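Here is the structure we will look at.
In my numbering, the protein residues as written are 64 to 366.
Encoded structure:
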């Protein structure tokens, strides 16, 4: 399996997409997940008309350095929140698919929409209605759109949280470019990996590999929490998974302001409030070593 990680590992340390890619590459990764999750002010890819300038810079750096963009994460916006959000989601998803097409990224991971009172059936119908509008663009650029499992602490209301529901929704949408992405951290909170991955089966096109203590979505490196990586690896091998083994574990060094809990305040000297770029660079090398160990232990490592 191709060992990959996301550029979001360096998003809060670096001011540009290319700097994030360079830092991921310098840690050892040749396979990269381009994160479009956070829509920044004047975002050079998602919001500007001359976005192809930034995309060309990324494409040239990748070509010159033997890097392959293996997947991407779509912008974080809820299309079911309001009519405005529905239209804004379409705009951002359109650009994200165009970026993937330009960079030859095969898979774009998306968080489906949600709304508190929706039943499973209503949720499925309304989300399918959104994704159907993307079909022509997906086909034009040959980009798979992948819906991701979530976890109850993140979303108490209905959205697929197990493998059976993931597979059912893919079958309901029923398009050859629409499939599933499994997040191991979300799965750990809900209770399992092996049986859930088997339930998704050949609909699994991508993974987000991360760990936690089974209670909150911490996005930490495997072996820092309670995820059983043997269960994950055995399932991936048993279903014949062909996609990359992609980390989404960039918050071992937690920022001072964080949705799962902020750092305690101190009124004096704050030089240690946040970890510096240099520590994240060292941690990224360790993350690569962990991924290599996991995949090599099952004789499937491709670095």
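Cβ coordinates follow ideal geometry from the N, Cα and C atoms, glycine included.
Just so it is clear, the structure is predicted and the values come from calculations on it, not from any experiment.
Return the CA-CA distance between residue i and residue j, expressed in angstroms with no decimal places.
| i | j | result |
| --- | --- | --- |
| residue 200 | residue 159 | 10 Å |
| residue 351 | residue 98 | 18 Å |
| residue 148 | residue 277 | 31 Å |
| residue 194 | residue 146 | 15 Å |
| residue 266 | residue 233 | 8 Å |
| residue 305 | residue 363 | 11 Å |
| residue 190 | residue 329 | 45 Å |
| residue 214 | residue 365 | 30 Å |
| residue 80 | residue 86 | 10 Å |
| residue 243 | residue 130 | 24 Å |
| residue 241 | residue 295 | 22 Å |
| residue 347 | residue 323 | 22 Å |
Which residue comes first and which comes last in the alpha helix (DSSP H) that contains residue i?
| i | result |
| --- | --- |
| residue 79 | Unbroken run through residue 79: none, as it is neither H nor E. |
| residue 163 | 146 to 166 |
| residue 189 | 183 to 195 |
Does DSSP put residue i in a helix, a strand or coil?
| i | result |
| --- | --- |
| residue 222 | coil |
| residue 272 | strand |
| residue 320 | coil |
| residue 283 | strand |
| residue 304 | coil |
| residue 249 | helix |
Closest to residue i by CA distance: which of the options is it?
| i | options | result |
| --- | --- | --- |
| residue 356 | 127, 305, 292 and 337 | 292 |
| residue 120 | 154, 135 and 84 | 84 |
| residue 162 | 177, 186, 184 and 106 | 106 |
| residue 246 | 138, 125, 173 and 338 | 173 |
| residue 96 | 102, 103 and 88 | 88 |
| residue 143 | 135, 137, 152 and 208 | 152 |
Which whole-angstrom value is the C-beta distance of residue i and residue j, which I expect to be below 8 Å?
| i | j | result |
| --- | --- | --- |
| residue 275 | residue 250 | Not really, about 10 Å apart at Cβ, beyond 8 Å. |
| residue 92 | residue 68 | 5 Å |
Checking contacts by CB at 7 Å: is residue i closer than that to chain D?
| i | result |
| --- | --- |
| residue 238 | Among the chains in the structure shown there is no chain D, since it carries only a single protein chain. |
Between which two residues does the beta strand (DSSP E) harbouring residue i extend?
| i | result |
| --- | --- |
| residue 134 | 131 to 136 |
| residue 114 | That residue, residue 114, is in no beta strand (DSSP E); its alpha helix (DSSP H) goes 114 to 128. |
| residue 210 | 207 to 211 |
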